[in-house]
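Novice: Residue numbers (our numbering), protein chains in the order written: chain G, 1 to 326; chain W, 327 to 555.
The following block contains the structure, expressed as structure tokens.
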Amino acid sequence: MKQLIIQLLIIFIIIIIFYNIVRIIRTNSKEKRISEFSLSKKDFNENSILERFNLIIWNIIHNISNILSRSNLFLKKAIKYEKYILIKEEKYKSSIDYVTIKYLNIILAITLYFLIILLFTLKFNIFILIIFIILGLFLPDFLWKLSYINKCKNISSRLYESIIILDDNISKSNIYNSINKVINESSEEISDEYQRIFNDLSYNLTLYQAFKRFYERTKIPEIKTIYHLLNVEQDNIEKTFHLIRKEFEYIDKQNDYKHNTNIILNVLSSVFVLIPLLLIIFITIINPDYFKLVISSLFGIVILIVIELLYIALIFSIRRVLEERK
Amino acid sequence: MSGIKKIFSKKYITKYEEKIKYLGPNNKISLENFLLTRLFLSIVLLIICLIIPKYGLILAIIVAISFYYLYTSILIDNKIRIRNDKLYDEAILFFNMLKLSYDKTKDIKTSLEIVSNKLGNSISITFRKVLKNNRYNNDLKEVFSKVIETIPNKDVKNALVDLKECNNYYDCLERITENLKDKNVVILKSKYQFKPIILVFVSLVFISIICILLFNIYDIINYLNSLFV
């Protein structure tokens, strides 16, 4: 009976979605016919369904964040998320929102677990629930960190470009105008970081301090060269940036070579990592009982553990070869 | 120091003194500790292995000699090799900063003091320490000589010798940095050339062992069963 109700509910939701899609398609076709004789849709500041949905979710997050921000404990926890917020996002995002999202995610994970139990009529298991809670707690952190690493990689690959702009413009104008030029002409990530440098300078920090803060945020090793050189000579910035540019030319030459070799290495390593897995799949397809018999004996389990350890050792050795010793 | 002088020859001590200097300013291993612990542990291992009957003597000699060399290799040689690789980047940054500072101060000693105080890598720390010890000594060549003694990297050593002997410091620094950059690129290329070969070799060793275990799993189980049952 319970399952029947859930099934009916799902069917009802699907019908509503289908009805809405049909309605949108029909509206669109009508709009096309009369568009030439009417004001275009762009003239109205209308939000799409997804945007409205997004706004609702952010409203909920902000409301909860307001409550959480009364506690010093949550505010302290939120400090580490500050670096994830872009300058343009600062208007509607704060670091405490990230804490809220984490807790909301736990509630979502628990709800999802109970929904799965209801849908597939499974037995309640406290350990699986704990796994869901842990996933809910750490998955957002993992995803944010991953996206931040990607952001730093993008910054690292485009840093040379920004140094060229700075070096070319410093001789013509002052440092503020040159940084503004980088902000306007570079990609989103670089532009965001240079906006922060600009803000730091406007708070009376030196260029050396601003770039050091840039390094502390992103941990990109190339920035170390910039702030160390700025530390020695800040009066004649033109000369310093010319030297920095020369350094980056050299770093870029190195990176080009590394990149070309890394393509081959990455292909090779992924092939070698996949070979043992493919071999096991192949054996299981040919003889499905091959591993069943092995598991039944104690020595078989021990050998399987040894094989797994060897596979892990293979992955670690490949990583060791791939990474540089610097 | 007097203890090890009674045990080891002067030549032997000088050799290891040089090696320990190459470890850089952050090194925590002292010469006496290293030589005495190595000797003591080798003797202990030799005695333990001698207790084993039948092949005890051969095993004791093999274990003691391998430990003697492995201990040096892990504690000293490996660390020197790592520092040697790092020194290129450290030196390039150091000489670049020195060039900028020298252009402003026109005095190499002042520039060396400024840069060594502002930078935190091993070359700058060594310079900082040596300059501090030679505060009342105006001979900069002595400072350079003492720093050169602590540098294991041949190219950085040559660069410092060049700087020590030259008259026009700015041109010399320009030349040195360019040379080091070129050398570093050449070394990087040679290192990367062998990476695919190493990767293939290491992976094939692991994969072949996994294959042998997977394909002969029943024979191995039977063999182990026959041994223990």
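Positions of the beta carbon are idealized from the N, C-alpha and C atoms, including for glycine.
Fair warning: this is a prediction, and the values are worked out from it, not measured in the lab.
Short of 7 Å in beta carbon distance, which residues of its chain neighbour Lys181 of chain G, apart from the five on each side in sequence? Order them along the chain.
Specialist: Here the set comprises Ile165, Asn169.
Novice: Say whether the segment 132-151 of chain G touches the segment 219-238 of chain G, bearing in mind that this needs 3 or more beta-carbon pairs closer than 8 Å, one atom from each stretch.
Specialist: The segment 132-151 of chain G vs the segment 219-238 of chain G: no contact.
Novice: By the 8 Å beta-carbon criterion, what residues does the segment 478-511 of chain W contribute toward chain G?
Specialist: Under the 8 Å Cβ criterion, the segment 478-511 of chain W contributes Lys507, Asn510, Val511.
Novice: Given that Ile283 of chain G touches chain W, what residues does it touch there, using C-beta distances under 8 Å?
Specialist: Ordered by position in chain W, the residues that pass the 8 Å Cβ test against Ile283 of chain G are Leu540.
Novice: Taking a Cβ distance cut-off of 7 Å, strictly less, list which residues of the segment 341-352 of chain W are near chain G, in chain order.
Specialist: Answer in chain order: no residues at all.
Novice: Is there contact here, the segment 192-212 of chain G with the segment 286-300 of chain G, by at least three beta-carbon pairs under 8 Å?
Specialist: Cβ pair count under 8 Å is below three, so no.
Novice: Is Leu426 of chain W near Glu233 of chain G, with beta carbons less than 8 Å apart?
Specialist: Going by C-beta atoms, Leu426 of chain W is nearer than 8 Å to Glu233 of chain G.
Novice: Note down, in chain order, every chain G residue with its Cβ under 7 Å from the Cβ of Pro522 of chain W.
Specialist: Residues of chain G passing the Cβ test: Ile264, Leu265, Leu268.
Novice: Rounded to whole angstroms, what's the CA-CA distance from Ile110 of chain G to Phe12 of chain G? Just pull it up for me.
Specialist: Those two C-alpha atoms are separated by around 24 Å.
Novice: Return yes when the Cβ of Leu314 of chain G is within less than 8 Å of the Cβ of Ser529 of chain W, no when it is not.
Specialist: Yes. Within cutoff.
Novice: Is Leu401 of chain W near Phe360 of chain W, with beta carbons less than 8 Å apart?
Specialist: Contact flag set, yes.
Novice: Just to confirm the assignment: which complete beta strand (DSSP E) runs, minimum length 3, are found wholly within the segment 484-519 of chain W?
Specialist: Listed in chain order, nothing qualifies, since the segment 484-519 of chain W has no complete beta strand (DSSP E) run of 3 or more residues.
Novice: Does the beta-carbon distance from Val389 of chain W to Phe420 of chain W come in below 8 Å?
Specialist: Going by C-beta atoms, Val389 of chain W is not nearer than 8 Å to Phe420 of chain W.
Novice: Quick check: what's the CA-CA separation for Phe299 of chain G versus Ser534 of chain W?
Specialist: Approximately 20 Å, taken between the alpha carbons.
Novice: Quick check: the Cα distance between Lys337 of chain W and Glu343 of chain W, rounded to an integer number of angstroms?
Specialist: Between Lys337 of chain W and Glu343 of chain W, the C-alpha separation is close to 10 Å.
Novice: Taking a cut of 8 Å between CB atoms, which residues from the segment 238-262 of chain G lie near chain W?
Specialist: Against chain W - using a Cβ distance shorter than 8 Å - the residues of the segment 238-262 of chain G are Lys239, Thr240, Leu243, Glu247, Tyr250, Lys253, Gln254, Tyr257, Lys258, Thr261.
Novice: Got a sec? Which residues, its chain only, sit under 8 Å from Leu506 of chain W by beta carbon, not counting five neighbours each side?
Specialist: Hits under 8 Å: Tyr414, Ala417, Ile418, Phe421, Asp481, Val482, Ala485.
Novice: When we look at the beta-carbon of Lys326 of chain G and count the other beta-carbons within 10 Å, is it buried (16 or more) or exposed?
Specialist: Confidence at Lys326 of chain G is low in this model, with a pLDDT of 44, below 50, so the placement of that residue should be treated as unreliable; the coordinate-derived value is given next. Its Cβ having fewer than 16 others within 10 Å, Lys326 of chain G is exposed.
Novice: In chain order, which beta strand (DSSP E) runs of at least 3 residues are fully inside the segment 361-442 of chain W?
Specialist: Within the segment 361-442 of chain W, no complete beta strand (DSSP E) run reaches 3 residues.
Novice: So that I know if they touch, is there some Cβ in chain G lying closer than 8 Å to that of Asn422 of chain W?
Specialist: Yes - at least one Cβ of chain G is within 8 Å of the one on Asn422 of chain W.
Novice: Nearest to Ala386 of chain W by alpha carbon, out of W:Asp411, W:Ile373, W:Ile536?
Specialist: Nearest option by C-alpha distance: W:Ile373.
Novice: Could you pull the start and end residues of the alpha helix (DSSP H) that Gln254 of chain G belongs to?
Specialist: First-last of the alpha helix (DSSP H) with Gln254 of chain G: 237-286.
Novice: For the putative contact between Ile155 of chain G and Glu185 of chain G, defined by C-beta atoms under 8 Å, what is the C-beta separation to the nearest angstrom?
Specialist: Actually they are not in contact, since the Cβ atoms of Ile155 of chain G and Glu185 of chain G sit about 15 Å apart, beyond 8 Å.
Novice: Can you tell me the Cα-Cα spacing of Ile281 of chain G and Val321 of chain G, whole angstroms?
Specialist: Their Cα atoms are separated by approximately 27 Å.
Novice: Look at Ile107 of chain G and Ser69 of chain G and say whether their C-beta atoms are less than 8 Å apart.
Specialist: Contact flag unset, no.
Novice: For Ile406 of chain W and Tyr348 of chain W, which I take to be in contact (beta-carbon distance under 8 Å), what is that distance rounded to the nearest angstrom?
Specialist: Yes, they are in contact, since the Cβ atoms of Ile406 of chain W and Tyr348 of chain W sit about 5 Å apart, within 8 Å.
Novice: Tell me, please, whether the CB atom of Ser529 of chain W is closer than 8 Å to any CB atom in chain G?
Specialist: Closer than 8 Å: yes.
Novice: Are the Cβ atoms of Lys521 of chain W and Tyr257 of chain G separated by less than 8 Å?
Specialist: No, Cβ-Cβ distance for Lys521 of chain W and Tyr257 of chain G is not below 8 Å.
Novice: Can you pull the chain W residues whose beta carbon is under 7 Å from the beta carbon of Ser297 of chain G, in chain order?
Specialist: Within chain W, the residues near Ser297 of chain G are Ile547.
Novice: Can you tell which of W:Arg409, W:Lys380, W:Ile333 has its C-alpha closest to the C-alpha of Asn447 of chain W?
Specialist: Checking every option, the nearest Cα to that of Asn447 of chain W belongs to W:Arg409.
Novice: If the cut is a Cβ gap below 7 Å, which residues of chain W does Pro140 of chain G touch?
Specialist: Correct list: empty, because the minimum Cβ distance to chain W is about 35 Å.
Novice: Contact criterion: CB-CB distance below 8 Å. Does Arg325 of chain G meet it with respect to chain W?
Specialist: Low local confidence applies: a pLDDT of 47 at Arg325 of chain G is under 50, so the model's placement there is unreliable, and no value is given.
Novice: Cβ of Val469 of chain W within 8 Å of Cβ of Val456 of chain W?
Specialist: It is a contact, given that the beta carbons lie within the stated cut-off.
Novice: Flag Asn551 of chain W as yes if its beta-carbon sits less than 8 Å from any beta-carbon of chain G, otherwise no.
Specialist: It does: the Cβ of Asn551 of chain W has a partner Cβ on chain G nearer than 8 Å.
Novice: Give me the Cβ distance between Tyr495 of chain W and Tyr428 of chain W, rounded to the nearest whole Å; I'm assuming they're in contact under 8 Å.
Specialist: With a Cβ gap of about 6 Å, Tyr495 of chain W and Tyr428 of chain W count as contacting.
Novice: Taking C-alpha atoms, which residue in G:Ser269, G:Ser296, G:Ile283 lies nearest to Phe316 of chain G?
Specialist: For Phe316 of chain G, the nearest C-alpha among the options comes from G:Ser269.
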